[in-house]
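K.L.:
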Amino acid sequence: MSITIRRASTEDLDAVRFIGFSTWPPTYGPLKGAHYVLDALDTYWSADTLRTAIEAGDIDVAETAQGVVGMAEVAELGDDLVLWKLYVLPSQQRSGIGHELISAAKDRARARGCGLLTEYVSENSNAGSFYEREGFVPTAAPWPGTVAAWVRWQGDPGRTFILRPATAEDARGCASVHHTSWVETYSALLPASHWETDTLERRTESWHRWLDNGTDVTVAESGEQIIGFAIAHTGRQVGAHAPVRDRELYSLYVLAAHYGSGAGQALLDAVLPADIPAQLWVAEDNPRARRFYGRNGFAPDGARFHDETLDLAEVRLVR
92 MSITIRRAST EDLDAVRFIG FSTWPPTYGP LKGAHYVLDA LDTYWSADTL RTAIEAGDID
152 VAETAQGVVG MAEVAELGDD LVLWKLYVLP SQQRSGIGHE LISAAKDRAR ARGCGLLTEY
212 VSENSNAGSF YEREGFVPTA APWPGTVAAW VRWQGDPGRT FILRPATAED ARGCASVHHT
272 SWVETYSALL PASHWETDTL ERRTESWHRW LDNGTDVTVA ESGEQIIGFA IAHTGRQVGA
332 HAPVRDRELY SLYVLAAHYG SGAGQALLDA VLPADIPAQL WVAEDNPRAR RFYGRNGFAP
392 DGARFHDETL DLAEVRLVR
């Protein structure tokens with residue numbers, strides 16, 4: 092199932108409200124009673140309340156082929172961010188949508204360098220278990236007298252990598268990441284014959300040439316090993332498609348062993364800060380990458396290119 096996480100717009104208002112009205116009665120009715128549910132729907136899920144949060148950029152939505160099926164609201168509270176809402180339609184639960192929404196909230200906290208808290212009804216053991224699996228631990232409430240259970244995301248277990256500009260001596264390390272990432276990502280999409288010519292040696296030759304010619308590359312390094320890299324430059328013409336942004340992400344790869352380390356997000360932020368409009372091309376059948384870029388504000392603009400050499404379809408994403 093393809094899941095896109097994106098910032099909500101006011102056009103999503105009705106869909107977001109529908110999520111609240113679909114999830115609250117079955118979740119909280121048995122725990123807190125009908126009066127509690129009706130008060131909450133009238134207050135926290137009113138059109139005015141949600142519109143204000145959407146216009147502030149606080150709400151993300153999860154979208155699949157069925158439309159908007161989940162939402163999360165993240166807002167500032169002092170020096171931290173708080174995840175005030177995280178709900179998925181009952182018919183779409185246990186499909187990874189909640190995880191993708193909370194991953195987007197974690198990305199917001201990483202980008203700001205701050206903590207991420209949330210609360211849940213203490214009787215809701217399912218919510219408690221979910222947040223525990225997502226790396227949250229009990230914490231003190233931000234104010235006295237609250238009856239909710241508060242938890243704080245422990246964050247990444249210490250950044251284990253550094254970012255730096257690549258040098259000519261990094262050709263072999265960059266080529267190794269490039270080749271290995273292609274094998275990890277595209278083995279199921281490309282024929283076995285492709286790897287007869289797409290070898291580490293050829294990648295290394297290309298990287299020597301690129302770095303010797305001054306290509307601007309940012310690498311992530313862990314334990315003196317290059318684990319990822321990113322390249323951004325001016326927007327390119329791809330096939331018949333003229334660029335629609337001045338800046339383009341050419342490449343971003345991280346070894347699979349370092350997924351979840353924050354290296355991919357750090358690399359993207361380093362070469363394309365969040366406030367810079369940009370474009371990129373991604374394999375159409377690469378849901379993991381498309382979810383990552385969707386969390387960073389990129390969305391398909393309808394442009395599609397078929398690489399006949401690779402027999403691989405690509406789509407353009409823009410923000």
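Each residue of the sequence shown is one higher than the one before, counting from 92 in this note's numbering.
Where a beta carbon is used, it is the ideal one built from N, C-alpha and C, also for glycine.
1. Just how far apart, CA to CA, sit residue 398 and residue 181?
2. Which runs of the beta strand (DSSP E), 3 residues or longer, sit entirely within the stretch 286 to 351?
3. Pull up the distance between the alpha-carbon of residue 210 and that of residue 300, whole angstroms please.
4. Taking the alpha carbon of residue 254 as the reference point, which residue from 287, 214, 127, 322 has its own alpha carbon closest?
5. For the stretch 187 to 223, which segments carrying the beta strand (DSSP E) assignment without a break, of at least 3 residues, lie completely within its bounds, in sequence order?
6. Taking the CB atoms as reference points, tell me whether residue 311 and residue 363 lie closer together than 9 Å.
7. Return yes when the Cβ of residue 346 is within less than 9 Å of the Cβ of residue 314, no when it is not.
8. Taking just the CA atoms, how far does residue 372 sit from residue 158?
9. Quick one: give me the first and last residue of the alpha helix (DSSP H) that residue 356 is part of.
10. If you draw a straight line from the alpha carbon of residue 142 to that of residue 288, how long is it in whole angstroms?
11. Between which two residues does the alpha helix (DSSP H) containing residue 383 stretch?
12. Can you look up residue 104 in the DSSP assignment and give me helix, strand or coil?
13. Using the Cα positions of residue 387 and residue 109, report the straight-line distance between them to the nearest angstrom.
14. Output the distance between the C-alpha atoms of residue 153 and residue 240, rounded to the nearest integer angstrom.
15. With respect to the alpha helix (DSSP H) encompassing residue 135, which residues constitute its N-terminal and C-terminal limits?
16. So is residue 105 buried or exposed if we call it buried at 16+ other beta carbons inside 10 Å?
17. Comparing C-alpha positions only, which one of 370, 162, 302 sits nearest to residue 256?
18. On the DSSP bridge assignment, give the partners of residue 176 in chain order.
19. Determine the extent of the alpha helix (DSSP H) in which residue 393 is found, giving its start and end residues.
P.N.:
From the atom records:
1. As a first step, residue 398 is located in the sequence shown; it is residue number 307 there, counting from the start. As a first step, residue 181 is located in the sequence shown; it is residue number 90 there, counting from the start. Those two C-alpha atoms are separated by around 39 Å.
2. 309 to 313, 316 to 325, 338 to 345
3. Position 119 of the sequence shown holds residue 210. Position 209 of the sequence shown holds residue 300. Between residue 210 and residue 300, the C-alpha separation is close to 53 Å.
4. As a position in the sequence shown, residue 254 is number 163, starting the count at 1. Per the Cα distances, 322.
5. 207 to 211
6. Taking the first residue of the sequence shown as position 1, residue 311 is located at position 220. Taking the first residue of the sequence shown as position 1, residue 363 is located at position 272. Going by C-beta atoms, residue 311 is not nearer than 9 Å to residue 363.
7. Walking along the sequence shown from the start, residue 314 turns up at place 223. Walking along the sequence shown from the start, residue 346 turns up at place 255. No, these two residues do not count as a Cβ contact at 9 Å.
8. By 1-based counting over the sequence shown, the position of residue 158 is 67. By 1-based counting over the sequence shown, the position of residue 372 is 281. Taking the straight line joining both Cα atoms gives about 23 Å.
9. Counting from one through the sequence shown, the residue named residue 356 turns up at place 265. Residue 356 -> alpha helix (DSSP H) spans 354 to 362.
10. By one-based count along the sequence shown, residue 142 stands at place 51. By one-based count along the sequence shown, residue 288 stands at place 197. So the two alpha carbons sit approximately 54 Å from each other.
11. As a first step, residue 383 must be located in the sequence shown, where it is residue number 292. Note, residue 383: alpha helix (DSSP H), 378 to 386.
12. Here residue 104 refers to the residue found at position 13 when the sequence shown is read from its first residue. Residue 104 falls in the helix class under three-state DSSP.
13. If you number the sequence shown from 1, residue 387 lands on position 296. If you number the sequence shown from 1, residue 109 lands on position 18. About 25 Å.
14. Here residue 153 refers to the residue found at position 62 when the sequence shown is read from its first residue. Here residue 240 refers to the residue found at position 149 when the sequence shown is read from its first residue. Straight-line Cα distance between these residues: approximately 25 Å.
15. Position 44 of the sequence shown, counted from the first residue, corresponds to residue 135. Looking at the DSSP string, residue 135 is not in any alpha helix (DSSP H), and its letter there is neither H nor E.
16. Here residue 105 refers to the residue found at position 14 of the sequence shown. Answer is exposed; the Cβ neighbour count stays below 16.
17. By 1-based counting over the sequence shown, the position of residue 256 is 165. For the residues 370, 162, 302, the minimum Cα distance to residue 256 belongs to 302.
18. For the purposes of this step, residue 176 is identified with residue 85 of the sequence shown, where counting begins at 1. Per DSSP, 164.
19. As a position in the sequence shown, residue 393 is number 302, starting the count at 1. Where residue 393 is concerned, there is no enclosing alpha helix (DSSP H), although the beta strand (DSSP E) it sits in stretches over 390 to 398.
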